[in-house]
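Following my numbering, the numbering of the sequence shown begins with 18 at its first residue and continues without gaps.
Structure first, commentary second.
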Amino acid sequence: MASITIKAILCIQLLAFLIGVFAVIGINASWEEEEGMLRKRTGHHKLFDYFKLSLLWPDGLWADYNDGTWPACCSGSEFDMNQISSLLEMLKKYWPSYNCGAASTCHGGKGTFWAHEVVFIKHGTCSYPVVQDEFDYFDRTLNAYFQFNATGVLFEAGYLPSNSEKYPLAGIISAIQNAFHATPELICSGDAVEELRICFDKDFQPRDCASGSIIKSGRVSSGSCPRYVSLPAIGSSGHMSSCSVGSCNALFCKMISTPVTNEWLGSVSSSALQSTCY
18 MASITIKAIL CIQLLAFLIG VFAVIGINAS WEEEEGMLRK RTGHHKLFDY
68 FKLSLLWPDG LWADYNDGTW PACCSGSEFD MNQISSLLEM LKKYWPSYNC
118 GAASTCHGGK GTFWAHEVVF IKHGTCSYPV VQDEFDYFDR TLNAYFQFNA
168 TGVLFEAGYL PSNSEKYPLA GIISAIQNAF HATPELICSG DAVEELRICF
218 DKDFQPRDCA SGSIIKSGRV SSGSCPRYVS LPAIGSSGHM SSCSVGSCNA
268 LFCKMISTPV TNEWLGSVSS SALQSTCY
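What follows is the structure, given as C-alpha cells:
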C-alpha cells in the first residue's frame with residue numbers, strides 16, 4: 018500500500034515537472050516569435066536606446082545606441098509619399114529638400130532622391146516600434162524641433178549667426194543645458210559649429226547625449242571643439258550655394274527671415290557634403 022502511495026506521489030511530481038517544462042517552452046516560443054517580428058521589421062538590428070535630433074547640418078531624427086553608435090537602413094520597404102501628404106507644406110517650409118545629383122539609397126538603388134525619402138529610409142526605419150510609419154516619423158521630428166527650439170534659446174542667450182564673432186563653447190552648451198536640462202552634442206569643422214544635436218528618451222523628454230560619438234571626416238564632438246567657436250551666417254539670399262549643390266537634407270538651412278527657423282551652417286567642404294548624400 019505504501020509502495021502504491023509513493024508511486025502516486027512520484028507520478029504527480031513528474032506530471033507537474035512536465036507541465037512546467039511545457040509552460041517554459043511556450044513562454045520561450047512566444048518571446049522568440051515577438052523577437053522574430055521585431056527583427057523582421059528592423060532588419061536584424063537590435064532595438065535602439067534613444068533619439069537624437071540633429072540640427073544645423075542635419076540628418077533629422079536618429080535612433081541611437083548608448084555606446085555612441087546607431088542603426089541605419091533597418092527595412093527594405095518602399096517609401097510611401099502618400100503617408101506624409103498632409104505634412105508636405107510644413108516640410109517644404111521648415112525642412113527644405115535639395116538635390117544631390119546621383120545618390121543611392123541604403124539598399125543599393127541609384128538615382129536622385131528627395132531628402133525626406135533618404136532620411137526616412139536611413140533613420141526612420143530604425144525607430145520602430147516608437148515610430149510606426151512615415152507620417153509618425155516626420156510629425157514627431159517637426160514637433161520635437163518646435164517644442165525644443167534650440168535656435169531660440171541661443172538667440173535669447175546672445176549667440177547670433179556671425180562670420181566674424183567667436184563665442185565660448187561652454188556658454189553655448191550651458192544655454193542649452195539650462196533650457197532643456199540636458200547636455201547637447203556639438204559637431205565642429207575647425208572652429209565653426211557645423212551641427213547641433215539634442216537627444217531624447219523614447220518618450221521625447223530631453224536627455225544627455227551619449228558619449229563616445231564617432232569622429233570622421235574632420236568632424237569632432239563637442240568635447241574636442243575649440244574653446245571658442247563661430248556660428249557662420251547663411252548668405253543674404255537665404256541659403257548658402259553649397260546647400261543646393263551638396264546637401265541631401267538641409268533641414269532648416271534656407272530659413273533666415275523667420276526667427277523660429279533662422280539657422281546657420283558651418284563651413285563644410287564639398288567632399289564632406291557629398292559624403293552626406295549616400
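Beta carbons: idealized from backbone N, C-alpha and C, even for Gly.
7 Å Cβ cutoff met for residue i and residue j
i: residue 97; j: residue 151; result: yes
i: residue 197; j: residue 178; result: no
i: residue 72; j: residue 213; result: yes
i: residue 155; j: residue 190; result: no
Nearest-angstrom Cβ-Cβ length linking residue i and residue j, presumed shorter than 8 Å
i: residue 70; j: residue 161; result: 5 Å
i: residue 84; j: residue 67; result: The Cβ separation is near 11 Å, so there is no contact.
i: residue 171; j: residue 111; result: Residue 171 to residue 111, Cβ: 17 Å. No contact.
i: residue 77; j: residue 140; result: 6 Å
i: residue 65; j: residue 157; result: Not a contact, Cβ separation roughly 14 Å.
Beta-carbon contacts of residue i that lie in its chain and below 8 Å, excluding the five residues immediately before and after
i: residue 277; result: Any reading at residue 277 needs caution, since the residue's pLDDT is 28, under 50, leaving its predicted position unreliable; the model's value is listed next. 163, 166, 168 and 169, listed in sequence order.
i: residue 244; result: 185, 186 and 187
i: residue 201; result: 167, 190, 193, 194, 213, 214, 215, 216, 226 and 239
i: residue 176; result: 184, 188, 189, 192 and 248
Range covered by the alpha helix (DSSP H) that runs through residue i
i: residue 99; result: Run containing residue 99: none; DSSP gives neither H nor E here.
i: residue 170; result: 167 to 173
i: residue 104; result: Neither: residue 104 is in no alpha helix (DSSP H) and is coded neither H nor E.
Residues near residue i by beta carbon distance below 6 Å, same chain, minus five either side
i: residue 219; result: 147
i: residue 183; result: 245 and 247
i: residue 104; result: 155
i: residue 180; result: 249 and 250
i: residue 199; result: 223, 224 and 225
i: residue 79; result: 69, 87 and 140
i: residue 302; result: One cannot answer for residue 302 here, as it falls past the ends of the chain, which runs 18 to 295.
Terminal residues of the beta strand (DSSP E) in which residue i lies
i: residue 152; result: No beta strand (DSSP E) holds residue 152; the alpha helix (DSSP H) holding it covers 151 to 164.
i: residue 245; result: 245 to 248
i: residue 63; result: First-last for residue 63: undefined, no H or E at that position.
i: residue 89; result: Where residue 89 is concerned, there is no enclosing beta strand (DSSP E), given that its DSSP letter is neither H nor E.
i: residue 77; result: 77 to 81
Neighbourhood of residue i by C-beta distance below 7 Å, restricted to the same chain and skipping five residues each side
i: residue 242; result: 186, 203 and 205
i: residue 107; result: 159
Subject >> 4 or more residues per run - each alpha helix (DSSP H) lying fully within the segment 175 to 232 >> reply: Secondary structure in the segment 175 to 232: the alpha helix (DSSP H) runs of 4 residues or longer, each lying completely within the stretch, are 186 to 197 in chain order.
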